[in-house]
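A quick write-up on the structure given underneath.
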Amino acid sequence: MSMLKRSDVPVEETWNLEDLFATEQAYTAAIEELGQLVEETAAELAGTITDVQGAIKAIKATEKIQEKMVVIGTYASLSHSVDQTSTENQMRAASFGSFAAKLATKLSFVKSDLLALDEAVLKEAQNTKPKYANFINKLLVQKPHQLHPEAEKALAAFGATFDAPYELYNTTKLVDMQFPNFEVDGESFPLSYNLFEGDWELETDTDKRRAAFEAFSKKLRDYQHTTAKTYNSHLTIEKTDADLRGYDNIFDSLLQSQQVDRSMYNRQIDLIMNELAPHMRRYAKLLQKTHQLDKMTFADLKISLDPSYEPKITVEESRQYMKDGLSIMGEHYTNMIDRSFDERWIDFAQNAGKSTGAFCSSPYGVHPYVLISWTSRMNEVFVLAHELGHAGHFYLANEEQNIFNARPSLYFIEAPSTMNEMLMANHLLKNSTDARFKRWVISTIISRTYYHNFVTHLLEAAYQRKVYEIIDAGGSVNAPKLNELKREVLEQFWGDTVEVSEGAELTWMRQPHYYMGLYPYTYSAGLTISTQVSQRILNGDEAAVEQWIDVLKAGGTKTPVELAQMAGVDITTEQPLRDTIAFIGDLITQLEQLTSELLTV
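Numbering follows UniProt numbering, in which position 244 of the sequence shown is assigned residue number 244; successive positions increment by one, without gaps.
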């Protein structure tokens, strides 16, 4: 069985991009209109950004342009993400990248002129127009690192070129990398990125699962050197930018926009690597014992504790789970969930060339879009709840805030999504007394919610930190070095409990987050916050839900520390993280006890 072409996918399984642009002609017209607007704006603003009123006028013009740019860029990006084999989609995305770089070049003087103003003028502009205070605060932080206007203009012109490594990574991964079928006992099985990550990693038949992992790894290895060179190019761009702008190191450069310091970044990685590892090794041993495996390998870590119990679920059934599990968030929130299904905000299809994993895109002024490759497994309830957490966040923030204020720091971005997973789990546990079902729910929390965010992404972060340390010292990386670093991290975390199979070191090739700065560690940071807040809700704290809704509405008007404080969590200390690690350990203890009880029945 081969993957469907996008053109063969039923329309009801796809998202409706007509809410962005009804036709391709409308999209083309919007590009032409925006190009004209930028020309007029550049001419109008040139030489006028010299005082408070000139600054406010420039920021207002920037706001208008960004609102239009976001919708256009989202259309190009989303159409490409569902079928990267399409020449039309490839060319549209590439054309938009060039277009965006051209406009950024024309308007680069605006930011330069704003940053050339005295700090007192910018502060007065904040007081005059409080709605732009957040935008100006971010300008002030960047002020010491701003280059000469001509240098900024030149860098803006290279915008599409600087994005090339990420585009090349995706093209290699989703277009050029074709996986052959693999065989087990004379029977042939299909393989692709989506089939491996959505099905074969979770396969209960050990021979098939391990054979799929071996075949998948073999194909990755064929492309390891090209992918490593692509990644090294991206790292070189980041390092050069940090050096040009006078940052002490690449970490400070990448963390600045997250509004957190390096101690918070390092704490998240170090504590989890050292203190979560013993708990997760217990979980790995439980999996091995329950499945009676000869040994526990890296290829076995994603299997379900009780695979025969996991039911199948339809897309429509998932809607009711979403509404029931997240009803505590209020009617406005559940109406958003209904709209996401009724108005086709979600792309459920599995087809060739579609991006792997799942994500949510929330263009300002329209509505969120969610990409997921639906496998009908019950654990998709948690995946969809996660992405609808992002959707609900920006649905509320975009209603309340302007485009400059809607998006919070990357450090906080995964808190609303993981919060929904915890709410869903709490709902399922609360409404059942069946020991086997409770074990399935808890094991899903561990194997999906916490494994994904506190293990998979955290191990990526630990590996990524090692890579950046090499780059920051003036070095470079290649495939053998990246394989070595990844294997070191995996072996440190799993110890002798898990055999780090041949091919496990290549998992660095699978994650697009490496092209998005210091993103991987933020998953565990967000889940730390949401775990603490969800426990408040579960324990009957009536103020917790209302406070959380206020946090979502606040968008990016506050720092991650301030947003967490609004929700009753102090992330300036180790305590929330230690409490969350202890909570995970308790869940694994419950799994051990439930498994023991079920085996004696």
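Positions of the beta carbon are idealized from the N, C-alpha and C atoms, including for glycine.
A quick note: this is a predicted structure, and the numbers were derived from the prediction, not measured.
**Asked** Is the beta carbon of Glu502 less than 8 Å from the beta carbon of Lys486?
**Response** Here residue 502 is taken as the residue at index 502 of the sequence shown, counted from 1. Here residue 486 is taken as the residue at index 486 of the sequence shown, counted from 1. Taking 8 Å as the Cβ cut-off, Glu502 and Lys486 do not qualify as a contacting pair.
**Asked** Taking Cβ positions, are Pro520 and Ala461 nearer each other than 8 Å?
**Response** For the purposes of this step, residue 520 is taken as residue 520 along the sequence shown, with counting starting at 1. For the purposes of this step, residue 461 is taken as residue 461 along the sequence shown, with counting starting at 1. Their beta carbons are under 8 Å apart, which means Pro520 touches Ala461 by this criterion.
**Message:** Suppose the cutoff is 7 Å on Cβ atoms and the five residues either side in sequence are ignored; what does the same chain contact list for Ala228 look like?
**Reply:** Taking the sequence shown and counting its residues from 1, the one referred to as residue 228 is at position 228. Answer for Ala228: Val477, Asn478, Ala479, Leu482, listed in chain order.
**Prompt:** Can you tell me whether DSSP reads Thr573 as helix, strand or coil?
**Reply:** Taking the sequence shown and counting its residues from 1, one reaches residue 573 at position 573. Three-state result, Thr573: coil.
**Asked** Considering only residues of the same chain and omitting the five flanking positions on each side of Leu384, which have a CB-CB separation below 7 Å?
**Response** Mapped onto the sequence shown, residue 384 falls at position 384. For Leu384, where only same-chain residues beyond five positions count, the Cβ hits under 7 Å are Ser318, Met322, Ile372.
**Prompt:** Do you know how far the Cα of Ile59 is from the Cα of Leu115?
**Reply:** Mapped onto the sequence shown, residue 115 falls at position 115. Mapped onto the sequence shown, residue 59 falls at position 59. Answer to the nearest angstrom: the Cα atoms are 12 Å apart.
**Prompt:** Within this structure, are the beta carbons of Asp434 and Asn249 separated by less than 8 Å?
**Reply:** The count along the sequence shown starts at 1 and reaches residue 434 at position 434. The count along the sequence shown starts at 1 and reaches residue 249 at position 249. The answer is no: Cβ separation not under 8 Å.
**Request:** Compute the Euclidean distance between the alpha carbons of Asp207 and Val184, then round it to the nearest angstrom.
**Result:** To locate residue 207, count along the sequence shown from 1; it is residue 207. To locate residue 184, count along the sequence shown from 1; it is residue 184. Going from the Cα of Asp207 to the Cα of Val184 covers about 7 Å.
**Asked** In chain order, which alpha helix (DSSP H) runs of at least 4 residues are fully inside the region 190-232?
**Response** 193-198, 206-222
**Message:** Which runs of the alpha helix (DSSP H) at least 4 residues long sit entirely within the region 317-357? Give them in chain order.
**Reply:** 331-342
**Request:** Count the other CB atoms, across all protein chains shown, that sit within 10 Å of the CB of Ser361; report buried if there are 16 or more and exposed otherwise.
**Result:** Here residue 361 refers to the residue found at position 361 of the sequence shown. The residue is buried, with at least 16 neighbouring Cβ atoms inside 10 Å.
**Prompt:** In the structure shown, what three-state DSSP assignment does Thr187 receive?
**Reply:** Reading the sequence shown from its first residue, position 187 is the one you call residue 187. First, the residue type needs correcting, since residue 187 is Glu and not Thr in the sequence shown. Three-state result, Glu187: strand.
**Message:** Only counting the same chain, and skipping five residues up and downstream in sequence, which positions put a Cβ closer than 6 Å to that of Thr580?
**Reply:** Indexing the sequence shown from 1 puts residue 580 at position 580. Result list for Thr580: Thr528, Thr531, in chain order.
**Prompt:** With respect to the alpha helix (DSSP H) encompassing Phe382, which residues constitute its N-terminal and C-terminal limits?
**Reply:** Position 382 of the sequence shown, counting from 1, holds the residue named residue 382. Segment 380-400, the alpha helix (DSSP H) holding Phe382.
**Request:** Using alpha carbons as the reference points, say which of Lys438, Asp51, Arg510, Val455 lies closest to residue 610.
**Result:** This structure gives no information on residue 610, because the portion of the chain shown stretches from 1 to 601.
**Every unbroken beta strand (DSSP E) within the region 250-318, with a cutoff of 3 residues, ordered by chain** = none
**Message:** Less than 6 Å between C-beta atoms, sequence neighbours within five positions excluded: which residues of the same chain meet that for His390?
**Reply:** Residue 390 sits at position 390 when you count from the first residue of the sequence shown. Here the set comprises Cys360, Ser417.
**Asked** Within this structure, are the beta carbons of Glu63 and Ala349 separated by less than 8 Å?
**Response** Locating residue 63 in the sequence shown gives position 63, counting from the first residue. Locating residue 349 in the sequence shown gives position 349, counting from the first residue. Taking 8 Å as the Cβ cut-off, Glu63 and Ala349 do not qualify as a contacting pair.
**Request:** Mind listing, in chain order, the continuous alpha helix (DSSP H) runs of no fewer than 4 residues lying wholly within the region 509-586?
**Result:** 521-538, 542-554, 560-566
**Request:** Return the first residue and the last residue of the alpha helix (DSSP H) that Val70 is part of.
**Result:** Counting from one through the sequence shown, the residue named residue 70 turns up at place 70. Where Val70 is concerned, the enclosing alpha helix (DSSP H) stretches over 52-81.
**Request:** Name the one or two DSSP bridge partners that Phe359 has.
**Result:** Working through the sequence shown from its first residue, we reach residue 359 at position 359. DSSP lists Leu371 as partners of Phe359.
**Item:** Cα-Cα separation, Tyr75 to Arg344
**Value:** Residue mapping note: residue 75 aligns to position 75 of the sequence shown, counting from 1. Residue mapping note: residue 344 aligns to position 344 of the sequence shown, counting from 1. About 15 Å.
**Request:** May I ask you to report which of helix, strand or coil DSSP gives Arg245?
**Result:** Within the sequence shown, the letter at position 245 stands for residue 245. Coil, per DSSP.
**Request:** Give the C-beta separation of Asn405 and Gly555 to the nearest angstrom, bearing in mind that I take them to be a contact with Cβ-Cβ under 8 Å.
**Result:** The residue you call residue 405 lines up with position 405 of the sequence shown. The residue you call residue 555 lines up with position 555 of the sequence shown. Rounded, the Cβ-Cβ distance is 5 Å, consistent with contact.
**Prompt:** Counting pairs of Cβ atoms below 8 Å between the region 191-204 and the region 292-310, do you hit three or more?
**Reply:** yes
**Item:** With 16 other Cβ atoms within 10 Å as the buried cut-off, status of Pro363
**Value:** As a position in the sequence shown, residue 363 is number 363, starting the count at 1. By the neighbour-count rule (16 or more Cβ atoms within 10 Å), Pro363 is buried.
**Message:** Report the CB separation of Ser355 from Ile346 in whole angstroms; it is logged as a contact under 8 Å.
**Reply:** To locate residue 355, count along the sequence shown from 1; it is residue 355. To locate residue 346, count along the sequence shown from 1; it is residue 346. In fact, because the Cβ distance is near 14 Å, the residues do not count as touching under 8 Å.
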